[in-house]
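Read through the structure below, which is laid out as structure tokens, and then see the notes.
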Amino acid sequence: MLSKSAKILLTGLPGCGKTTAIMQIIDNFDSKKVAGFYTQEIRENNVRKGFGWTGLDGASGILAHVDIKGPFRVGKYGVDVAGFEKSVVNILDVQADAELFVIDEIGKMECFSKKFITAIRRLFISNKSVLATVAQKGSGLISEVKNYPGTKLFNLTAQNRDKTIAEISQILLFLKKGT
Numbered sequence: 010m011l012s013k014s015a016k017i018l019l020t021g022l023p024g025c026g027k028t029t030a031i032m033q034i035i036d037n038f039d040s041k042k043v044a045g046f047y048t049q050e051i052r053e054n055n056v057r058k059g060f061g062w063t064g065l066d067g068a069s070g071i072l073a074h075v076d077i078k079g080p081f082r083v084g085k086y087g088v089d090v091a092g093f094e095k096s097v098v099n100i101l102d103v104q105a106d107a108e109l110f111v112i113d114e115i116g117k118m119e120c121f122s123k124k125f126i127t128a129i130r131r132l133f134i135s136n137k138s139v140l141a142t143v144a145q146k147g148s149g150l151i152s153e154v155k156n157y158p159g160t161k162l163f164n165l166t167a168q169n170r171d172k173t174i175a176e177i178s179q180i181l182l183f184l185k186k187g188t
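Per my numbering, residue 10 is the first one in the sequence shown, and the count goes up by one each step.
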């Protein structure tokens, strides 16, 4: 059990390895004590067509895709806000038994969801630990979480990836041991 909580954010350029870093970090945790989701590209014939999400419980869905129509758009991608809210927001329930919540990512697409924003704010004021990726630029919730008191923000690069993974792992393992 984590004796205290930490709010840790990873940012960096697209493709720098944020999702991979998070997955390596959470390998040190009992899967029953970790909840959350990660995102990945949807590719067809080596062309990015959208973004999917996968819950750490195995559930999955489409976050955004070129074929999704509707008012919520980031570039050429339509965002499935309703589908995202039905599934992912429940994963982020602060009342869950999880000690560590993994969020990949807090970005423009996810922030179209008011329920997602509310869930993130609840997690940040809770006694639960949060490990999240966050867009480098953005206002609203993106800026808010970066400036939340006590939040540790790491800028991930190819040069500092291993060191950053080790440092974040150390912080979370320290809390887990309660020393």
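We treat Cβ as the ideally placed atom computed from N, Cα and C, and that holds for glycine.
| Query | Result |
| --- | --- |
| Looking at the unbroken beta strand (DSSP E) that takes in A68, where does it start and where does it end? | Counting along the chain, A68 falls outside any beta strand (DSSP E), and DSSP gives it neither H nor E. |
| Give the secondary structure of F46 by DSSP, where H, G and I count as helix, E and B as strand, and everything else as coil. | strand |
| With DSSP collapsed to three states, give me the class of F38. | coil |
| I'd like the ranges of any alpha helix (DSSP H) spanning at least 4 consecutive residues and lying wholly in the region 107–170. | 123–134, 150–155 |
| Which of the three DSSP states is assigned to G59 in this structure? | strand |
| Could you say which of V43, K123, G26, E153 lies nearest to I3 if we only look at CA atoms? | Since the first residue shown for the chain is 10 and the last is 188, residue 3 is missing from the structure and cannot be characterised. |
| Quickly, what does DSSP pair K16 with across the bridge? List them, please. | V139 |
| Indicate whether at least one CB of chain C lies closer than 9 Å to the CB of L182. | Within the model displayed, chain C is absent; a lone protein chain is all it includes. |
| Which of helix, strand or coil does DSSP assign to K185? | helix |
| Give the DSSP-derived three-state secondary structure of G87 in the structure shown. | strand |
| Let me know the secondary structure DSSP gives I77 once reduced to three states. | coil |
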